[in-house]
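Notes follow the structure.
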Amino acid sequence: MDNEKAARNKNIKHAIMIIVLAILFVAFIFPFIMVLINVFKVKADITANPIALIGKHGFTLDNFPNAVKKMNFFKVFGNSLIITISSTVGTILLSSMTAYLIVRNNWKANKILFVLMIASMVIPFQVLMVPLVSLYGGIFGILNHRITLIFMHIGFSLSMATFMFHGSIHTNVPISLEEAATIDGCNKWQIFSQIVFPILKPTIATVAIIDAMAFWNDYLLPSLVLGRKELYTIPIATKVFYGQFSTDTGLIMAALLLAMLPILVLYIFLQRFIVEGITAGAVK
Amino acid sequence: MKTNTISYKIKQYLLFAGVSTVIFTCVVIIPFIYGLYLTMTSWDGVSRSKPFVGIDNYISAFSDSGYWVSLGRTFIYSAIAVVLVNAVAFIIAYMVTSGIKGQNFFRAGFFIPNLLGGIVLGYVWKFVFNKAFVELAGAIASGNVKSLLATENGAIAALIIVSVWQYAGYMMLIYVAGFMSVSEDVIEAAKIDGCTGTQSIIHISIPLMTASFVQCLFLTITRCFMVYDVNLSLTNGDPYGSSALAAMHVYNQAFVNKNYGTGQAEALILFVICAIVGGIQVYVGKKGEVQA
Amino acid sequence: MKKRLLSLVMIAAMSASLVACGGSDGASDGSSNGSGVSITILNSKTEIQTQFEEMAEEYEKATGVHVEVYNADTDTTVASQVATKYASNDPYTINMVDAKDVYSLADDYAYDLSNEDWASHTTAAITVNGKLAGFPVCVEARGILYNADAIKNITGKDFDPASVSTLDDFTALLEELKAGGMEAPVGLLSEYWSLGGHYFSQVYEEQPDPDAFVNSLLAGEEDLASNAKFNELMDSFDTLVKYNYARGSASNADREETSMKLAEGDIAFMFGGNWDWSVINQYDYTENLGMMPVPQNTTDGSNEKLVGGGSKFFFVDNSDSTTDEQRQAALDFLNWLVFDAEGNSFLTEDCALVPAFDNIDSSALDPLSLSVKKYADEGKLIPNYNYLPDDQMTVVGQEIMQKYLDEAMTRDEVAKAVVDYFKTATPIEH
Chain Z
2 MDNEKAARNK NIKHAIMIIV LAILFVAFIF PFIMVLINVF KVKADITANP IALIGKHGFT
62 LDNFPNAVKK MNFFKVFGNS LIITISSTVG TILLSSMTAY LIVRNNWKAN KILFVLMIAS
122 MVIPFQVLMV PLVSLYGGIF GILNHRITLI FMHIGFSLSM ATFMFHGSIH TNVPISLEEA
182 ATIDGCNKWQ IFSQIVFPIL KPTIATVAII DAMAFWNDYL LPSLVLGRKE LYTIPIATKV
242 FYGQFSTDTG LIMAALLLAM LPILVLYIFL QRFIVEGITA GAVK
Chain C
16 MKTNTISYKI KQYLLFAGVS TVIFTCVVII PFIYGLYLTM TSWDGVSRSK PFVGIDNYIS
76 AFSDSGYWVS LGRTFIYSAI AVVLVNAVAF IIAYMVTSGI KGQNFFRAGF FIPNLLGGIV
136 LGYVWKFVFN KAFVELAGAI ASGNVKSLLA TENGAIAALI IVSVWQYAGY MMLIYVAGFM
196 SVSEDVIEAA KIDGCTGTQS IIHISIPLMT ASFVQCLFLT ITRCFMVYDV NLSLTNGDPY
256 GSSALAAMHV YNQAFVNKNY GTGQAEALIL FVICAIVGGI QVYVGKKGEV QA
Chain P
733 MKKRLLSLVM IAAMSASLVA CGGSDGASDG SSNGSGVSIT ILNSKTEIQT QFEEMAEEYE
793 KATGVHVEVY NADTDTTVAS QVATKYASND PYTINMVDAK DVYSLADDYA YDLSNEDWAS
853 HTTAAITVNG KLAGFPVCVE ARGILYNADA IKNITGKDFD PASVSTLDDF TALLEELKAG
913 GMEAPVGLLS EYWSLGGHYF SQVYEEQPDP DAFVNSLLAG EEDLASNAKF NELMDSFDTL
973 VKYNYARGSA SNADREETSM KLAEGDIAFM FGGNWDWSVI NQYDYTENLG MMPVPQNTTD
1033 GSNEKLVGGG SKFFFVDNSD STTDEQRQAA LDFLNWLVFD AEGNSFLTED CALVPAFDNI
1093 DSSALDPLSL SVKKYADEGK LIPNYNYLPD DQMTVVGQEI MQKYLDEAMT RDEVAKAVVD
1153 YFKTATPIEH
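Listed below in structure tokens is the structure:
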């Protein structure tokens, strides 16, 4: 009896939660629905009535080929891909190593580094913007290279990633496991790469998504570093549309959609990865 | 192997954090110090000469009433946004880890807003507030409906709504990881001891998730304090400059009004305030963690 | 699990190798044109970016000079973008900036163009400390845009702008339109640059001596509230506000929507300038559009003139980052614009700009530009005033006039707020 009642209660509770989530979900994706509706309309119709499904000029697919052509989409897509992947991989490797060192060794140098990193997370980017270009463009002349941007991306995201790995090594990696490995003759590097790193999978996935997205969407820094057209990334290219006094709204909608699709696909892929990672790593 | 000799420490440090330290120093520390120097010049951001003026810029920053007004506004905005973001994120995280059908779908869905960059997102929302909502409200209420963005409090409210929408999914992810790290056994044990669902959340999950809370609060507080791009693309200070938050004021001071030194000095004051608020919060949080 | 990790590592390795190749191709592309010279142009008239890019291709075919056109970022000022480029030692060869930027940038960065042939064909070029620094890209003017078809539909008569040069006549016409079924015949943009940079700035520009007036404002000696010009323009503004279609949420009016309403004849008047054509022509516009001065009850003749003049200026980089060859190519390009038929048609036909040079034929312009051209040819342009403090536009436009537009402020309060602002404003040296 009790079990049955509990099961029924649980079902009701789940049903309510699904309804609440569904409502919230619609609110969350409402702006995307707006993009989807308007991407198939011409500009005049968007201004006249943005919530109508079809405007008086009818349905159009022209926005897509136009946007692809004007953005030079495949070229900028390639640039964004290279930069995002390299920066993300670099950030994850470097920050997890740094975090491991900091958590397991109570040295003064580590503390100083960690405090500096935490403090740097609240530096408004505008503070660093002009000094950055003055130094690396004006003095060293190494702007307009993708590799420069990748280094800068890593530099700016290290703090936050280290912070997240710090938390998760602290709570999720049992020190007993490492002690056992030391007895078995593993050195620190082996312990980190073979034992600690795999346990960190959920955090790796989270950091990967968060950073990949930040890199993918970043506009200000790439626009400062990559001043040449052939190096443009997707956000810079998208910006070319906004740049116009009279913005071609339909075209922008298409550009937006194109710009977010790749990262959406990546997320859906990694989303499964997180769940797997969490279940696999949950054995403590 | 000796683990407390200096040479061992240096080797370990270089192995694990050497590259990080170099990149971090080059990209963040050195430009920051150079930026600090620039606050002591009366550079206009454009010309070649950068005359040294000492602390003049800090004096004008402290007497710039517009800056302090925008800072006060930022406090109010941040306080409300931080609470709402975390409340919404926590509740959603709880629901999508409770084993309901389609929870993976929802986890993915709520994260979608983060896929849009700040600039893009502001434009989309402006469109929604000014067009879609007004159109919808007009259809329901009939007559000339004023957009939320056209009123002083409304514009701030709109900024808060967009911030919640933008960050809740992100923070949800961290809370989900937190919920997942609380082992099932503990919850089961609590249930056997007679805990209800709500009780187990309050007495078991939340204390065990202190790390998640510390992280999320730190991230939301600092982000809200420094919000710029959404502010720019959503309201740009309208109406009447009443919705310009601190970072926007700083940016305008430096680049639009061409008082680069003063703008940079104001940005540093903002940085110090942020660092203090963030630091206190992390400190208090860590203490709580130890007790739990 | 293992496979996934492996594939991630593979992707990482692949992308690392791609970066290695990528880095080098980025470096060489800047000067990869072998025989030809390559120059860069910053275009801050972003509405003509497409035309500019197409022109660059044609220009390269004709001359062998590779021209790369960059679109200015509208989220920040042109001056700060130019400055950022200089800070990173990577300036554009030719920079298109606003008049006030020429004054602040010319000393350090601009090449002296005094010896160019085109200099004698224009009166709009900018000279700073004896150095001819700014090449005027076009002439632009502000005033009231009208849709004559929409007016004729109601009044039944052809619209003559000269018949409504006084505010009284203008108000009478508005009443007639209203009685004829056009509820609110006026559109006003709510953007601060329109309110502060275009409308309110007329208060300074239409003074007998704008410089003296602004200086006395800066010195805190001006009684703005009783200034005749201020009151005449504010009277006119009040009327525009009263008949504004967006009254009630005026500070949130959408530029696209306002332009569309004017284009399609839902409203008859809008305050703006000939650059608005690039927005209007996106909609189903009626044929007879034009521009006229802001109606005022005044005797100083300003209600018969538009306000404007040379707008957007090219300056050529004088730093070591630009080679002599590139500089020569830049000078050739400016000459091409003025003296070559192709260059002329690029300016007037492709970009629909009113040329600032007396040798260029401009009969093929759009209706708004034709109006401007007509006033310019008749000498009926009140010049722009280029020495307003940098934040005048945001403070007066956004914090003051936007509030006035929403009828949340009285005229006396506006006068007081403007006077207070000027007391603390930083003057522009000139």
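Protein chains in written order, with my numbering: chain Z, 2 to 285; chain C, 16 to 307; chain P, 733 to 1162. Using N, Cα and C, we set each Cβ at its ideal position, and we do this for glycine too.
Could you compute how far the alpha carbon of residue i sits from the alpha carbon of residue j?
{"i": "L921 (chain P)", "j": "G1004 (chain P)", "result": "8 Å"}
{"i": "F1065 (chain P)", "j": "H798 (chain P)", "result": "11 Å"}
{"i": "G762 (chain P)", "j": "V1048 (chain P)", "result": "Its pLDDT being 39, under 50, G762 (chain P) is placed unreliably by the model, and the measurement read from it follows with that caveat. Whole-angstrom Cα-Cα distance: 19 Å."}
{"i": "R122 (chain C)", "j": "A192 (chain C)", "result": "11 Å"}
{"i": "Y109 (chain C)", "j": "F270 (chain Z)", "result": "23 Å"}
{"i": "G913 (chain P)", "j": "I883 (chain P)", "result": "11 Å"}
{"i": "Y931 (chain P)", "j": "A165 (chain C)", "result": "21 Å"}
{"i": "N107 (chain Z)", "j": "L136 (chain Z)", "result": "34 Å"}
{"i": "K26 (chain C)", "j": "I192 (chain Z)", "result": "16 Å"}
{"i": "Y1153 (chain P)", "j": "D1122 (chain P)", "result": "12 Å"}
{"i": "Y924 (chain P)", "j": "P1087 (chain P)", "result": "27 Å"}
{"i": "S756 (chain P)", "j": "Y824 (chain P)", "result": "Unreliable positioning characterises S756 (chain P) in this predicted model, as indicated by a pLDDT of 37, which lies under 50. The coordinate reading is nonetheless provided below. For S756 (chain P) and Y824 (chain P), the distance between alpha carbons rounds to 22 Å."}
{"i": "I826 (chain P)", "j": "G1041 (chain P)", "result": "21 Å"}
{"i": "L227 (chain Z)", "j": "S169 (chain Z)", "result": "35 Å"}
{"i": "D208 (chain C)", "j": "V201 (chain C)", "result": "11 Å"}
{"i": "Y818 (chain P)", "j": "F41 (chain Z)", "result": "42 Å"}
{"i": "Q245 (chain Z)", "j": "N1006 (chain P)", "result": "For Q245 (chain Z), the pLDDT reaches just 49, beneath the cut-off of 50, and the residue's location in the model is therefore unreliable, leaving the point undetermined."}
{"i": "T225 (chain C)", "j": "G300 (chain C)", "result": "7 Å"}
{"i": "S846 (chain P)", "j": "E872 (chain P)", "result": "23 Å"}
{"i": "S81 (chain Z)", "j": "S224 (chain Z)", "result": "12 Å"}
Opposite residue i in the DSSP bridges: which residues?
{"i": "S770 (chain P)", "result": "P:H798"}
{"i": "S728 (chain P)", "result": "This structure does not reach residue 728 (chain P), given that chain P is present from 733 up to 1162, and the question cannot be answered."}
{"i": "D1049 (chain P)", "result": "P:A842"}
{"i": "Y878 (chain P)", "result": "P:F1001, P:G1022"}
{"i": "G919 (chain P)", "result": "P:M1002"}
{"i": "K863 (chain P)", "result": "P:V860"}
{"i": "F67 (chain C)", "result": "C:T56"}
So which residues of chain C does residue i contact, with C-beta pairs closer than 7 Å?
{"i": "I84 (chain Z)", "result": "Correct list: empty, because the minimum Cβ distance to chain C is about 14 Å."}
Just to confirm, are residue i and residue j a CB contact at a threshold of 8 Å?
{"i": "G142 (chain Z)", "j": "N821 (chain P)", "result": "yes"}
{"i": "P263 (chain Z)", "j": "F78 (chain Z)", "result": "yes"}
{"i": "L877 (chain P)", "j": "L994 (chain P)", "result": "yes"}
{"i": "T1018 (chain P)", "j": "D881 (chain P)", "result": "yes"}
{"i": "H167 (chain Z)", "j": "I103 (chain Z)", "result": "yes"}
{"i": "A104 (chain C)", "j": "A152 (chain C)", "result": "no"}
{"i": "N1116 (chain P)", "j": "E937 (chain P)", "result": "yes"}
{"i": "V869 (chain P)", "j": "F1045 (chain P)", "result": "yes"}
{"i": "I773 (chain P)", "j": "Y802 (chain P)", "result": "yes"}
{"i": "A804 (chain P)", "j": "T778 (chain P)", "result": "yes"}
{"i": "L972 (chain P)", "j": "V935 (chain P)", "result": "no"}
{"i": "W58 (chain C)", "j": "Y275 (chain C)", "result": "yes"}
Taking residue i as the query, report the chain P residues whose CB atoms sit under 7 Å from its CB, ordered along the chain.
{"i": "L225 (chain Z)", "result": "T816"}
{"i": "A165 (chain C)", "result": "S981, S983, N984"}
{"i": "Y255 (chain C)", "result": "Q1130, E1131, Q1134, K1135"}
Counting only Cβ pairs nearer than 8 Å, list the residues of chain C close to residue i.
{"i": "G156 (chain Z)", "result": "I38, F39, C41, V42, V43"}
Hey, out of the options, whose CA is closest to residue i's CA?
{"i": "I291 (chain C)", "options": "C:N272, C:F233, C:V245, C:V265", "result": "C:F233"}
{"i": "I86 (chain Z)", "options": "Z:V226, Z:N218, Z:R229", "result": "Z:N218"}
{"i": "D1008 (chain P)", "options": "P:Y1119, P:M1141, P:P1159, P:G919", "result": "P:G919"}
{"i": "A120 (chain Z)", "options": "C:Y298, C:T89, C:C289, C:G300", "result": "C:C289"}
{"i": "L51 (chain C)", "options": "C:K301, C:F286, C:V297", "result": "C:F286"}
{"i": "C239 (chain C)", "options": "Z:L94, Z:I170, Z:I124", "result": "Z:I124"}
{"i": "M214 (chain Z)", "options": "Z:I235, Z:D46, Z:I103, Z:G138", "result": "Z:I235"}
{"i": "N129 (chain C)", "options": "Z:K70, Z:A45, Z:F29", "result": "Z:F29"}
Name the chain Z residues that come within less than 8 Å of residue i, Cβ to Cβ?
{"i": "Y1015 (chain P)", "result": "A45, T48"}
Taking Cβ-Cβ distances shorter than 8 Å, what residues in chain P pair up with residue i?
{"i": "S135 (chain Z)", "result": "A819, S820"}
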